[in-house]
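All you need for the numbering used here is the position in the sequence shown, starting with 1, plus 1192. Built from N, CA and C at the ideal position, the CB exists for glycine as well. Computed from a predicted structure; not experimentally measured. Accompanying notes for the structure given below.
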Amino acid sequence: MKNSYQKDLFIGLSHRGNSKNFIENSFEAFNSVIQMGYKYIETDLRMTLDGEVIAFHDPDLRRLFNLDLWVKDLTFNEIANLFKEKKCRLLTLEDTLKEFPHVNFNIDLKVKEVIQQSIEIVGDLNAFDRVCFASFHSSHTKKILQHNQNAIVSMGMKDVALFKFFKIYNKNIKVIQIPLKWKGIKLLTRSFMRKADKNNLLVHIWTVNDKDTINNLIDIGVNGIITDEPELLMEIMKERDLISD
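This is how it looks when you write it as structure tokens:
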């Protein structure tokens, strides 16, 4: 049986929601892109001092709130109050999946501490078919597959290197999510795409924000694009008839 990520012809992923008009990864940021027509959203997970798994990218609050504080040293309510001051709502992973039951989420496991709770929460909500687990660290996603070999998992960067150069990969992995280049090495080539297609692996590219590159990637045959420009990508998807029901 195909999972949700395998059913759509092409996947447009909104990177942390509408971060131009709202705090990234907030309820409002997610809801905004859903109203645009997005069915797939990329988000990130971190853990608070009181053990809540939250949708939050950075390890600290410097960039978003200009505060020299660490997420791991603050409670959920302390961070949530900062969101409220900007008229946005902080979400836990559980909140995210419950608030948007028909949306697929690509979740980046930023720290190992969130892994076990993420498995439990996604399992309790029967959401394994609409969540793709990702991480730079292959060890993080390996733990997901050890729990559920049918989980949708993206390759970590170590996995990508093994696949690109040695054609070695875990057959339970279903998705490759990569930048165009990594540490000066060009990752996406036509031969890479052929190899991925031959092995029934979906290829998603991040983070792409200009029209020409988006169109070129679609022409090459990538299966999905992660963007900070949700309105632009949605416009292109509509123009090219890439919206699935």
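What residues in its chain sit with their C-beta under 7 Å from that of residue 1335, if we drop five residues either side in the sequence?
As a working mapping, residue 1335 is identified with position 143 in the sequence shown. Excluding positions up to five away in sequence, the list reads 1307.
Buried or exposed for residue 1302, going by 16 or more other Cβ atoms inside 10 Å?
Here residue 1302 corresponds to residue number 110 of the sequence shown, with the count starting at 1. Under this definition residue 1302 is a buried residue.
Could you spell out the range, first to last residue, of the beta strand (DSSP E) harbouring residue 1230?
Mapped onto the sequence shown, residue 1230 falls at position 38. Unbroken run through residue 1230: none, as it is neither H nor E.
Go through its chain and collect everything with a Cβ distance to residue 1225's Cβ below 7 Å, but skip five positions before and after it.
In the sequence shown, counting from the first residue as 1, residue 1225 sits at position 33. If we look at residue 1225 and ignore the five residues flanking it on each side, its Cβ neighbours are 1206, 1209, 1210, 1233 and 1422.
Hey, residue 1365 and residue 1396 are a contact pair by Cβ (cut 8 Å); roughly how many whole angstroms apart?
One-based indexing of the sequence shown puts residue 1365 at position 173. One-based indexing of the sequence shown puts residue 1396 at position 204. In fact, because the Cβ distance is near 13 Å, the residues do not count as touching under 8 Å.
With respect to the alpha helix (DSSP H) encompassing residue 1358, which residues constitute its N-terminal and C-terminal limits?
Mapped onto the sequence shown, residue 1358 falls at position 166. Its alpha helix (DSSP H) spans residues 1349 to 1358.
From what residue to what residue does the alpha helix (DSSP H) around residue 1308 run?
Here residue 1308 refers to the residue found at position 116 of the sequence shown. Where residue 1308 is concerned, the enclosing alpha helix (DSSP H) stretches over 1307 to 1316.
Measure the alpha-carbon distance for residue 1202 versus residue 1435 and round it to whole angstroms.
In the sequence shown, counting from the first residue as 1, residue 1202 sits at position 10. In the sequence shown, counting from the first residue as 1, residue 1435 sits at position 243. If you take the alpha carbons of residue 1202 and residue 1435, they lie about 8 Å apart.
Three-state secondary structure assigned by DSSP to residue 1326:
Taking the sequence shown and counting its residues from 1, the one referred to as residue 1326 is at position 134. The answer is strand: DSSP assigns residue 1326 an E or B state.
My output table needs one value for residue 1331: the three-state DSSP class, helix, strand or coil.
By one-based count along the sequence shown, residue 1331 stands at place 139. It is helical.
Can you give me the C-alpha to C-alpha distance between residue 1381 and residue 1427, rounded to a whole angstrom?
Taking the first residue of the sequence shown as 1, we reach residue 1381 at position 189. Taking the first residue of the sequence shown as 1, we reach residue 1427 at position 235. Roughly 25 Å between the two C-alpha positions.
Based on Cα-Cα distance, which residue from 1317, 1351, 1359 and 1284 lies nearest to residue 1236?
Within the sequence shown, numbered from 1, the residue matching residue 1236 stands at position 44. With distances taken between Cα atoms, residue 1236 lies closest to 1284.
Taking the beta carbon of residue 1344 as the centre, do at least 16 other beta carbons fall within 10 Å, making it buried, or is it exposed?
Residue mapping note: residue 1344 aligns to position 152 of the sequence shown, counting from 1. Counting C-beta atoms within 10 angstroms of its own C-beta, residue 1344 has 16 or more neighbours from the protein chains shown and is therefore classed as buried.
Where does residue 1274 sit, in a helix, a strand or coil, going by DSSP?
Start at 1 with the first residue of the sequence shown, and residue 1274 comes out as number 82. Residue 1274 falls in the helix class under three-state DSSP.
Helix, strand or coil: which one does DSSP assign to residue 1193?
For the purposes of this step, residue 1193 is taken as residue 1 along the sequence shown, with counting starting at 1. Confidence at residue 1193 is low in this model, with a pLDDT of 48, below 50, so the placement of that residue is unreliable and no value is reported for it.
Is residue 1294 helix, strand or coil when you go by DSSP?
To locate residue 1294, count along the sequence shown from 1; it is residue 102. Note: residue 1294 maps to coil in three-state DSSP.
Do three or more CB pairs link the segment 1282 to 1299 to the segment 1314 to 1322 at distances below 8 Å?
yes
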